[in-house]
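For reference, the structure is listed below as structure tokens.
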Amino acid sequence: MNGEILAGRYRLVTLLGRGGAGEVWQAEDTVLARQVAVKLLRRLEGDPMDAVERFRAEAQSAARLTHPNVVATYDVGNEGEHVFLVMELVSGPDLAQLMRTAGLPTAELVTDIATQGARALDAAHAAGIVHRDVKPANLLLAPDGTLKITDFGIAKRAGNETTALGVLLGTASYVSPEQVRGQAATPASDWYSFGCVLHELLAGTPPFTGPTADAVMRQHLDAPPPPVTRTDVPPELANLITHLLAKEPADRPSSAADVARLLTPSAQTQVLAFTPAAAPEDVIGVGTWEDEPAETGTHRAPRRQFPLVKVGVAAAVVLAAISGGLLLRESVTNDPPAQAGGTPSAPVQKVSALPKTTPKPTPTPSKTPSKKPKPTPKETQQQNPQAALVQSLRTLAAQVRATQQGSRSRAPRDAARELDQAAEALDHGDTASAAKHFYSARQRLIEAQQHHRWQATPQIAALFSVVSSALPRPDGNNNE
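What follows is the structure, encoded as structure tokens:
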């Protein structure tokens with residue numbers, strides 16, 4: 004079809020991609036003298052929806068979105084056995100191509116993608132459009148770094164139930180839990196899918212994978228999202244992904260403003276690292292499933308260097324704070340905290356010389372030996388690290404208990420009780436029992452935070468890190 008002219012104005016120049024249903028071409032708009040992308044769909048016998056009407060619906064959906072982060076739609080028509088959609092030409096790769104050809108993006112680039120993608124979804128949802136197929140192949144990255152969402156081919160007007168295609172139209176790796184349950188896709192579904200995309204950009208795989216579509220969708224329903232363990236990922240970005248992957252739609256961010264807020268560093272928000280869940284059993288009788296071929300991407304990747312990082316997920320190095328079970332937003336020191344918004348305290352004056360003193364006569368030893376002064380509690384803890392650890396556990400229990408007020412979970416109370424038991428056991432020399440209670444309490448809080456029913460304070464995060472690094476795990480695995 005090279006050189007063919009559609010509708011008397013669009014000359015096909017270069018084939019950019021081919022999929023099962025059609026092709027994408029770079030074309031020349033001979034009327035406006037500009038380069039465009041033309042998406043061709045072949046009419047199929049028995050097509051349940053007229054192809055022209057389907058493309059027209061896609062064009063109408065996309066045309067309502069005039070936004071820098073959305074691929075512009077120009078025209079729709081039919082020519083012979085084909086119908087076609089004319090779109091803005093983006094010369095950069097889609098994110099699936101980017102990962103395949105250049106490796107994983109840096110955390111900085113993923114943060115920028117999160118911000119831009121959130122703006123695009125905001126614009127779509129404001130226009131009443133639910134994309135319903137947010138995945139790496141539908142996110143394009145222009146050479147200037149602009150992210151653009153494309154392919155509203157299965158998008159529909161929010162509230163318009165003209166189709167019941169449901170989850171089968173989406174890619175299983177990015178489908179939301181509510182879609183798996185057979186419920187209609189909503190803007191919250193797009194946010195969940197976007198979280199899956201961001202996770203894949205950092206980890207190299209979607210959050211949930213499996214040999215069958217059913218196995219993957221079961222995990223969307225039941226399994227906690229695996230943690231992002233790359234050491235270059237700021238906790239704010241990891242926290243955003245955790246919120247986007249919430250099982251309940253109401254618990255997810257719902258706007259670009261929400262995303263911006265979660266990406267803003269805050270000393271008051273700490274993130275407990277999730278423990279990966281065991282893979283759910285596959286349902287018997289479901290065939291093997293493979294993701295859609297990457298060739299369906301809209302545009303070819305140019306020869307351009309993006310800020311990328313090659314990361315082997317299994318070989319990622321986890322910092323000590325993460326291995327202790329926490330991602331800290333700021334380093335923990337023994338210095339007193341700075342006063343919020345206040346003037347910094349005056350620096351301590353250095354003494355240039357010791358004051359002159361008058362020599363005192365050497366005392367004569369008495370016959371009765373003097374009693375040694377009793378060590379202070381602080382000195383005792385310095386002499387006995389176990390006593391210091393016991394005190395840390397008791398302090399941690401008290402601080403966790405204090406967070407019970409206003410919490411929607413019983414986890415703080417139950418965890419505090421187990422931390423008290425851990426302190427008592429360690430005080431009696433039973434390290435194994437102490438470790439059992441401590442890590443049980445830690446897991447309770449991880450699960451509570453996963454469901455957004457509890458949040459760690461900076462002090463709690465620091466204490467968990469300290470105790471985790473000192474107390475061996477009961478299963479002997481100290482590499483988490």
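Residues in the sequence shown are numbered from 4 upward in steps of one, following this note's numbering. Even for Gly, the Cβ is constructed at its ideal location relative to N, Cα and C.
**Message:** With three or more C-beta pairs closer than 8 Å as the rule, is the stretch 66–74 touching the stretch 178–185?
**Reply:** no
**Request:** Can you give me the Cβ contacts of Q424 inside the same chain, cut-off strictly under 7 Å, excluding the 5 residues immediately before and after it?
**Result:** By one-based count along the sequence shown, residue 424 stands at place 421. Correct list, in chain order: H440.
**Prompt:** Which of the three DSSP states, helix, strand or coil, is assigned to Q186?
**Reply:** Here residue 186 is taken as the residue at index 183 of the sequence shown, counted from 1. In this structure, Q186 counts as coil in the three-state DSSP scheme.
**Contact set for S443: own chain, Cβ-Cβ below 7 Å, skip 5 residues either direction** = Position 440 of the sequence shown holds residue 443. Result list for S443: E421, in chain order.
**Request:** Take A400 as the anchor and find which of R233, A437, G432, D433 has the nearest alpha-carbon.
**Result:** Here residue 400 corresponds to residue number 397 of the sequence shown, with the count starting at 1. Out of R233, A437, G432, D433, A437 has the C-alpha closest to the C-alpha of A400.
**Reduced DSSP category for T76 - H, G, I as helix; E, B as strand; rest coil** = Translated into the one-based positions of the sequence shown, residue 76 becomes position 73. Note: T76 maps to strand in three-state DSSP.
**Prompt:** Who are Y13's beta bridge partners in DSSP?
**Reply:** As a working mapping, residue 13 is identified with position 10 in the sequence shown. Bridge partners of Y13: L9, D32.
**Cβ-based neighbour list, A419, same chain, cut-off 7 Å, excluding 5 preceding and 5 following** = Residue 419 sits at position 416 when you count from the first residue of the sequence shown. So the qualifying residues of the chain are A400, V403, R404.
**Buried or exposed by the 16-neighbour rule on C-beta atoms within 10 Å, applied to R122** = One-based indexing of the sequence shown puts residue 122 at position 119. With 16 or more Cβ atoms within 10 Å of its Cβ, R122 is classed as buried.
**Asked** Is T109 closer than 8 Å to D235 when the C-beta atoms are compared?
**Response** Here residue 235 is taken as the residue at index 232 of the sequence shown, counted from 1. Here residue 109 is taken as the residue at index 106 of the sequence shown, counted from 1. It is a contact, given that the beta carbons lie within the stated cut-off.
**First through last residue of the alpha helix (DSSP H) which encompasses N128** = For this step, residue 128 is matched to residue 125 along the sequence shown. The amino acid at residue 128 is misidentified as Asn; the sequence shows His. First-last of the alpha helix (DSSP H) with H128: 110–129.
**Request:** Return the first residue and the last residue of the alpha helix (DSSP H) that Q393 is part of.
**Result:** Within the sequence shown, numbered from 1, the residue matching residue 393 stands at position 390. As written in the sequence, residue 393 is Val, which differs from the Gln given in the question. Residues 388–405.
**Prompt:** In three-state terms, what does DSSP make of Q63?
**Reply:** Along the sequence shown, read from residue 1 onward, the residue named residue 63 stands at position 60. Three-state result, Q63: helix.
**Item:** Spatial distance of G106 from Q100 (CA atoms)
**Value:** Position 103 of the sequence shown, counted from the first residue, corresponds to residue 106. Position 97 of the sequence shown, counted from the first residue, corresponds to residue 100. If you take the alpha carbons of G106 and Q100, they lie about 9 Å apart.
**Prompt:** Whose C-alpha, out of A117, T232, L44, R397, is nearest the C-alpha of E84?
**Reply:** Walking along the sequence shown from the start, residue 84 turns up at place 81. Selected option, being the one with the closest Cα: L44.
**Item:** CA nearest to the CA of E450, picked from P227, L265, L429, F197
**Value:** In the sequence shown, counting from the first residue as 1, residue 450 sits at position 447. The residue with the shortest Cα to Cα distance from E450 is P227.
**Delimiting residues of the alpha helix (DSSP H) encompassing H223** = Reading the sequence shown from its first residue, position 220 is the one you call residue 223. Where H223 is concerned, the enclosing alpha helix (DSSP H) stretches over 216–225.
**Request:** Check H431 in the structure and name its three-state DSSP category.
**Result:** Looking up residue 431 in the sequence shown gives position 428. In the structure shown, H431 sits in coil (DSSP, three-state: anything other than H, G, I, E or B).
**Prompt:** Measuring CA to CA, which of A241, K250, N387 is closest to V262?
**Reply:** Indexing the sequence shown from 1 puts residue 262 at position 259. Checking every option, the nearest Cα to that of V262 belongs to A241.
**Request:** State the start and end residues of the unbroken beta strand (DSSP E) segment that holds H70.
**Result:** The residue labelled residue 70 in the question sits at position 67 within the sequence shown. Neither: H70 is in no beta strand (DSSP E) and is coded neither H nor E.
**Prompt:** Leaving out five residues before and five after L98 in sequence, what residues of the same chain have Cβ atoms less than 6 Å from its Cβ?
**Reply:** Residue 98 sits at position 95 when you count from the first residue of the sequence shown. Answer for L98: P139, L142, listed in chain order.
**Item:** Rounded C-alpha distance that separates G185 from P415
**Value:** For the purposes of this step, residue 185 is taken as the residue at position 182 of the sequence shown. For the purposes of this step, residue 415 is taken as the residue at position 412 of the sequence shown. Roughly 34 Å between the two C-alpha positions.
**Residue of Q182, S258, D417 minimising C-alpha distance to V219** = In the sequence shown, counting from the first residue as 1, residue 219 sits at position 216. The shortest C-alpha separation from V219 is found at Q182.
**Prompt:** Are D136 and D154 closer than 8 Å when you measure CB to CB?
**Reply:** Within the sequence shown, numbered from 1, the residue matching residue 136 stands at position 133. Within the sequence shown, numbered from 1, the residue matching residue 154 stands at position 151. Their beta carbons are under 8 Å apart, which means D136 touches D154 by this criterion.
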